[in-house]
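4 protein chains.
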Amino acid sequence: MSGNTLGTLFTLTSFGESHGPAIGGVVDGCPPGMALSEADLQVELDRRKPGTSRHVTQRKEPDTVEILSGVFEGKTTGAPIGFIIRNQDQRSQDYGKIAETFRPGHADYTYWQKYGIRDYRGGGRSSARETAVRVAAGAIAKKWLKERYGVTIQGYMSQLGELTIPFETFDAVAENPFFAPNRTILPELEAYLDKIRAERDSVGARISVVARGVPVGWGEPVYDRLDAELAYAMMSINAVKGVEVGAGFASVAQRGSEHSDELTAHGFATNHAGGILGGISSGQDIEVHLALKPTSSIPQERRSIDKQGEELTMQTTGRHDPCVGVRATPIAEAMMALVLIDHALRHRAQCGDVVTPTPHI
Amino acid sequence: MSGNTLGTLFTLTSFGESHGPAIGGVVDGCPPGMALSEADLQVELDRRKPGTSRHVTQRKEPDTVEILSGVFEGKTTGAPIGFIIRNQDQRSQDYGKIAETFRPGHADYTYWQKYGIRDYRGGGRSSARETAVRVAAGAIAKKWLKERYGVTIQGYMSQLGELTIPFETFDAVAENPFFAPNRTILPELEAYLDKIRAERDSVGARISVVARGVPVGWGEPVYDRLDAELAYAMMSINAVKGVEVGAGFASVAQRGSEHSDELTAHGFATNHAGGILGGISSGQDIEVHLALKPTSSIPQERRSIDKQGEELTMQTTGRHDPCVGVRATPIAEAMMALVLIDHALRHRAQCGDVVTPTPHI
Amino acid sequence: MSGNTLGTLFTLTSFGESHGPAIGGVVDGCPPGMALSEADLQVELDRRKPGTSRHVTQRKEPDTVEILSGVFEGKTTGAPIGFIIRNQDQRSQDYGKIAETFRPGHADYTYWQKYGIRDYRGGGRSSARETAVRVAAGAIAKKWLKERYGVTIQGYMSQLGELTIPFETFDAVAENPFFAPNRTILPELEAYLDKIRAERDSVGARISVVARGVPVGWGEPVYDRLDAELAYAMMSINAVKGVEVGAGFASVAQRGSEHSDELTAHGFATNHAGGILGGISSGQDIEVHLALKPTSSIPQERRSIDKQGEELTMQTTGRHDPCVGVRATPIAEAMMALVLIDHALRHRAQCGDVVTPTPHI
Amino acid sequence: MSGNTLGTLFTLTSFGESHGPAIGGVVDGCPPGMALSEADLQVELDRRKPGTSRHVTQRKEPDTVEILSGVFEGKTTGAPIGFIIRNQDQRSQDYGKIAETFRPGHADYTYWQKYGIRDYRGGGRSSARETAVRVAAGAIAKKWLKERYGVTIQGYMSQLGELTIPFETFDAVAENPFFAPNRTILPELEAYLDKIRAERDSVGARISVVARGVPVGWGEPVYDRLDAELAYAMMSINAVKGVEVGAGFASVAQRGSEHSDELTAHGFATNHAGGILGGISSGQDIEVHLALKPTSSIPQERRSIDKQGEELTMQTTGRHDPCVGVRATPIAEAMMALVLIDHALRHRAQCGDVVTPTPHI
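Residue numbers (UniProt numbering), protein chains in the order written: chain A, 1 to 361; chain B, 1 to 361; chain C, 1 to 361; chain D, 1 to 361.
Here's what the structure looks like:
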C-alpha cells in the first residue's frame, strides 16, 4: 500500500503540508447509513487545535473541516468520504531562514536526503499539522464504534516530563489543557511547564488511551494482531518514540504468576494484558501507552549543518510547543478508533458479526 | 491484506500450527540473482531452535527447512520462494487436558471466542512455533541487505527479569544461550533463571536490536514510517508488550536540549532518535527495544474457567520456558530484516536507488 | 485494499459524487522532483469534459482542478498530491423523479440493495463524473512516463456502434469529437450518431489504447501480470463490458503458427501479443481494446420498478450522451498511464532500474 | 501487494515452478468452521489434471495435494491453509535445448529481460503448472460459497478455434474432455482438433463461466468493481487475451433500447449485463467469457533468436497441448470462485451480511 494510507477495510488516505493550500483526507469503507456531519468532525478537531492555551503553539487555525463527498441527506452512503481543511495562518516568514539548514530532531535532513527536495516551510509534509486529518477521520470511526458497539475511547496524559500524573478521574480530562485526569496536580503541571519554557527547553510526555466496550474477537493474527496494528498506528504519530500495551515494559520484571491474568466466572481477575491476548481483543479494556519525545524546536542554540555540510548554530523561533504531548491525546484517541473500526470490519468479514461472549465474561 | 502476510513489496506469507503437519511460508518480491540455499536459512533457524540449553523448551525439533521454489541453479529467480519445516516432536498428550479449558495469559480464550473453534494442541496457530517461519524468511532478507548495502543486524538481551545486562561486546552474544552481550554477568543470569524455575515461575525480558549501515532515506511517511512498521513487526511477535526506538520511553523525561541529536560536519553528535527521524532512516544505527512478558505457562496453579464458565484451577505441565525472551533475539533480528528490506525496495521504487549521503555524514 | 484506491505503489484514491460539493483524489507515491502544475492536469481534463460538442452531454462543467498538496516550487515533493474539482452545473431538478425508481442499465438498483441508501442525483457515486478524477491523476502518470522513459500513450475510437473505423493516422484524433483516427469517415460517423439520437436510442463503442516506448520488463506475474492489471483498470471504467489485449478475442480462431510472434535480429516480426508476454511487457507497443456498452439513459420509454416493486415505465430526460464511448478515450489513456507507472515503480523496486534490452530488439 | 497474492480478505498466495520440488499455496482469511479435507481439493484438481485424454499434455502428474495447516478435526480454523503438490513427472531433458533460446509466444524472453535469470525448464514460474494451485484454492472458495449462499459455478467451452459450440446442457460438460456443454458436436470437435494436431499447429478457445445464486450487492466500486476484479483474475490465467462480461464485445453494436435490461415485478427481463451493474452483482447469473490464444509451443519450425541475438529456427518437442483451452474450464471456475468469496467477505465487512433482495426480484 501507499505510505499515506492507513487501514485495510476502513481506510484513511491523508494529504497536505503545513503551508500548502489545504490538508485533507479520504475515508473509504465506512459502513453506510450512519448519521454524519461536519459537526461530528469539528468537535474532535476543536479538542486538538492550536491556540487554545498558553502551553501550546500560538498558530491560529480555525481548522474548519468541509466534507466533500460520501454523505447524502445527513447519512453516510458507503462511498468514500473526502474532506479538507484549508490552511489559514501560515506565517511563512517564520520559516524562511530554514531553507538551507537542517533543524536537529526534525525530519528536515532525512526528507531532503530521501526525496532530493524539501518543502521547508513548517516541516512540510512532516509537520504535525497532518494530525488534524487523523483526528477528523478518527471522529467518524469513534462515532460508528460508539453507536454500533457502545465502544468508548478516552485518552489522557499520564506523565509530563519528570512528573507522573496519578489517575483520579476521566471527568477532569476535558477541564484542563493537558488532558490530565487529575485536578489536584494541575498547578504543579502548570508551574513545571512554565519553568521549562523559561529555560527555553522542552520535555516529553506519556499519553494513555483506553478503549472500553470492545467486544472479544478483534484482531487478525499473526501479523495484523490488534496490538501490532495499534503499535503501528501510535508510532506513526509525530514525536512518538515508544508504544506499550497493558503492563508494557513493566512486564519485563514481572513474574508470570503475577502478570498473566487469571479467568474467573465473573471475568478476568486482572488486566496486565491490556485487553489483548494472542493479538485478539479479550473484551477487557484495551490500554495503550505512548512515549512522546520533547519538542525538537526550542529557542536554545543548537548545532547543525547546512546543505553544503558547513557547521552552524541555529535557534528556531516562531511558534513552538514546550511539550508536543500536550496536544497528543485527541490524536492518540483517533488512532485507536481508526484501528479498532478496521478490525471490527475485518472480524465481521471473516467470522460474521461479533459473537456474544459466554455470559460469565 | 490478509493478517498472515507481512510487508508490501518483499512479503512473507506464513502458515502452520504447533501440531499440524508443517509450518512454512512464502517470500515474494525477493530481488533476483542472489545466491540462496537452505543452508542460509538453516543457520538462522539453528540459532532459534528449541532444545539447545536447559533454559529453553525441551521440545526436540530439528527444524529442517526445505525450499520448494523460487531458486534455480543456486540463485533467486524473482519468483516466490516457498519453504516448509515439518513438525516432528509434537507430543500431543501433553496438551490433551487443555481442550476444554483456557490457559491464563494465552490466546486460548480469544481464539475460541473469535473463531468458534480452536486447535488446542500447543496453542495451535498462536504458538510461538510460527516464529521459525519468520526467522527463515528473515535469513533471506538479512543476506540481501548485507550483500547489497552492507547492512548488519545484531540483537541481544538487554534485560532479564529484574537484571539489567550492561552491554560489553557483540562477540559475547553467540557464546551463551541468553544472547547476552556480556560475559561477566553470565553466572548471575544462570543463577537467576534457575531460581525462577525453582519457584515454578517465569520472568520477562528486554531485547535490543541494532541495524548498522542502513542508508539514509528508508521509510514511507506518514503512516508507513520506518519506526511505525518496526513497531508493528516487533509487537506481532508472541509475548511482546512494548516497543521503543532509540531513547524510547526515557524520552518522556528528557529535555529537548538533550534529546534531539545535533548535526556536525562529522555526523550526528548523538543518537537518541535511534536512527530514525520523521519516520525515515538517518544513516545512524537503528536501535529498537522490545519488552517481552513472562511466560504464561508455568507449573504453579492458576485459576481459570472452562467452556461452560465453570471455575477451576490448572497447572500447565510439559515443555515450557521460564523466559520466552531467551529465544527471542533471532526472531527480533528477523523482523528487523524483513521490515528493512521492504523499505529498501519501496524507497528504490519511488526515488530510484539510494542517494549517497553528502560526504559530511 | 479499499475499493476506491487503484494501484500498489503509485496509487490513486478517488472520492466524489455527481452532485456533491466536489470530486477529487489523492495520488500517492509519485516520484519527487518532477515539474507539475494544474495546467498539466487541466490539459487532459479539457479533452474529456462535457459540453464540447453536440454529441456529448450538455452539462457545462469547467472542470477546473486545484492541486492542494504534494507540489512545492513547481515540483513534486514525493508527498501525496491531493486535488479537487468543484461541481458547478448540477441541475438537481433533472433527477428528482428518480428518487423512487431504478433506471434500467444503471447502478441504481444495485447500489440501493448493497448500501441500503442511494444518492439518486445523477447516479451519485456511480456517475461517470468520477472519471474526471482518473483523467487528472492519469495526467501526472503520463508526464512521468514520458519524461523518464519516453513512453507515449494514445487512444482512439476503433468502432462506433456498427461502424468499424479504419485506422488512418493518430493526427486525426485531436481534430474531431469522436477521437477517431480517421478523417475520411467523419461525415459517416456524424450522420450515424445523429440518426441514433433521432431514434431516441444509443449505441456502444470500441476504444483502443496504444502505449509506445514501454521498456521490456514491466509486470508482476502471476496475478499482477501487466495485462491482468490493465484488464482490471479498463473494466473499472463505467460502461465497459469487455477488455482485450493484442489480437484479443480474434486469437480464439487463430492458428498458433500465426498468432505467436516470432523473434528476429531486428525485433519481433508481429505483435499479436499486444506487447505483453507472460504478463510482462516485451518492449513492443502495448495494445488494449475496450468494449463500451450503449448509454443506458435514453429518451425511450423503458420498463422498470420502484422501491415497492411496482412496475412502471420511465423515460429519462435531461442531459444524456447517445454514446458514452465518445468521451472514453482520454479515460482509457489515463488508466493505461496509471497502471504503467505503478508497474514501472514495482519493477524498479524488485529488479533495480530497467535493463536495457539487448541491442537486437 | 505482492504479485503472487490474489485477493484482499480471502487471499491466495501461490508459489512453485514447473520443474521445482513442489507447487503450492496459502489461503488466508477463510471463514472458520467449514468442513474441509484434501478430498475437496482433489476433486477439482482431478478435473484439471494432465494426461486425461489424447487432446491434452501427456505429462503424468498425480497432482496429489497435501494440506499442511488451517484445518483441525476436519474443519477450517480461520488460520491460513497451506497446501502443496509435489512435482513428479518433470522430464527435464525435454527442455534442455531451450536454455539459450526464447520460444516464440512464451514468456522466456520477457522473464529473462526482467529478472536477468530464467528457470528455463518447462517455462519455470510462467508455466501453466501453477494453475493447479488456483484450482485447489478455488475448491475451498467454491465449497464455502455453495454452503453459505447456495452459489454454483459452472464453466464450459463455448468455442473451439473456428467452431462455435451451441449450448445444449450443463450435464454434458463432465462427460467429455473439452468441457463442452453439447453432446451433438463432439465428433466434430474431436475431428477438428485431430486435424489441427496433424497440421502440427494449435488453435485457441473461448471459455464461459456462469455463477448462479450470487446475492445482490457484491462488488466494491469504483475500482474494485466485481467485473473489474473478474477481468483481472481471468486475464491472469496463462494464455488469456480477452475477457468480457455478459454481452461483452457484442455490446458495441447493440442499441441501448436492446442492451439495458429492464426490471419487472418478476425480475430482470434480460441479462445483457451479465449479472453486474455498476460493478455490483445484481442477483442475476454472472456470465464471464474468456478468449484463450492458441498454444505457443507447436512442432512447426518457428523463427527466434538466442541470448546473443543470433537468429535461429526452433521446433519445440515433448509434451504439448494443441489447445490449452481444453483444460481451462476448471481454472476459470476457480478464479470466479476466488473473486466471489473475496467480495462476499468484503460486502459483509462494510454492510453487514447480505440483504435479502425485496421479494419482487
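Don't be surprised by glycine CBs; every beta carbon is placed ideally from N, CA and C. These numbers were taken from a predicted model, which means no experiment stands behind them.
Boundaries cannot be given for Y120/D, as no beta strand (DSSP E) includes it and DSSP labels it neither H nor E. The segment 127-177 of chain D is shown to contain whole alpha helix (DSSP H) runs of 4 or more residues at 131-149, in chain order. Note that the C-beta distance between T11/B and L36/B is not below 8 Å. T13/D sits in a strand when the DSSP states are folded into three classes. Spanning the alpha carbons of L193/C and G25/B requires a straight line of approximately 57 Å.
Boundaries of the beta strand (DSSP E) around M314/B: 311-314. The beta-carbon distance between N271/D and G246/D, rounded to whole angstroms, is 7 Å. This is short enough to meet the 8 Å contact definition. Taking C-beta separations shorter than 8 Å and ignoring five residues to either side along the sequence, the partners of Y120/B in its chain run Y95, I98, A99, D108, following chain order. One finds F72, T77 in chain B with Cβ atoms closer than 7 Å to the Cβ of D119/D, taken in chain order. Ranked by Cα distance from V203/A, the first of E190/A, G325/A, C351/A, H19/A is G325/A.
Not a single C-beta of chain B is nearer than 8 Å to the C-beta of L186/C. As the crow flies, the alpha-carbon of E66/B is around 16 Å from that of A79/B.
Around F102/D, the beta-carbon contacts reaching into chain C at under 8 Å are L263.
C351/D sits close to Y115/C, with the two beta carbons spaced by under 8 Å. For P32/B, same chain residues with a beta-carbon under 6 Å away, outside a window of 5 residues either side, are T76, T77, G78 in chain order.
Taking 4 residues as the minimum length, the alpha helix (DSSP H) runs contained wholly in the segment 23-50 of chain A are 38-48, in order along the chain.
Neighbourhood of F249/C in chain D, by CB distance below 7 Å: G242, F249, A291, in chain order. Here K307/B is exposed: its Cβ has fewer than 16 other Cβ atoms, across all protein chains shown, within 10 Å. Cβ proximity to chain C below 9 Å picks out G219, E220, P221, V222, Y223, D224, R225, D227, A228, E229, L230, A231, Y232, A233, M234, M235, S236, I237, N238, A239, V240, K241 from the segment 219-241 of chain D. Following the DSSP letters along the chain, one finds E244/A inside the beta strand (DSSP E) bounded by residues 240-245.
Among the CB atoms of chain D, one or more fall inside 8 Å of the CB of G20/B. If the five residues before and after S18/C are omitted, its C-beta is found closer than 7 Å to the C-beta atoms of R121, G122, G123, G124, S127, R129, all from its own chain and listed in chain order. Cα atoms of S296/C and W218/D: separation of roughly 21 Å, rounded to the nearest angstrom.
Only buried fits A137/C, as 16 or more other CB atoms lie within 10 angstroms of its CB. Chain-order list of chain A residues neighbouring R348/D: R348, A349, G352, by C-beta distance under 8 Å. Counting only runs of at least 3 residues, the segment 181-229 of chain C fully encloses the following beta strand (DSSP E) elements, listed from N- to C-terminal order: 205-212. Below the 8 Å Cβ cutoff, chain D contributes no neighbours of L340/B, its closest Cβ being approximately 17 Å away. A straight-line Cα-Cα distance of about 10 Å links K142/B and V339/B.
Here R103/A carries a coil assignment [DSSP, helix/strand/coil].
When the five nearest sequence neighbours on each side are left out, the beta carbons in the same chain lying within less than 7 Å of the beta carbon of L189/D are those of L160, L163, F178, A180, in order along the chain. Under the 8 Å Cβ criterion, the segment 170-177 of chain C does not count as touching the segment 209-229 of chain D, having fewer than three qualifying pairs.
Of all residues in the segment 21-33 of chain C, only G29, P31, P32 come within less than 7 Å of chain B when Cβ atoms are compared, listed by chain position. With respect to I298/B, F102/B sits apart: the two C-beta atoms are not nearer than 8 Å. Taking 4 residues as the minimum length, the alpha helix (DSSP H) runs contained wholly in the segment 256-299 of chain A are 256-259, in order along the chain. Taking the CA atoms as reference points, I276/C sits about 6 Å from S282/C. Secondary structure of S251/D (DSSP, three-state): helix.
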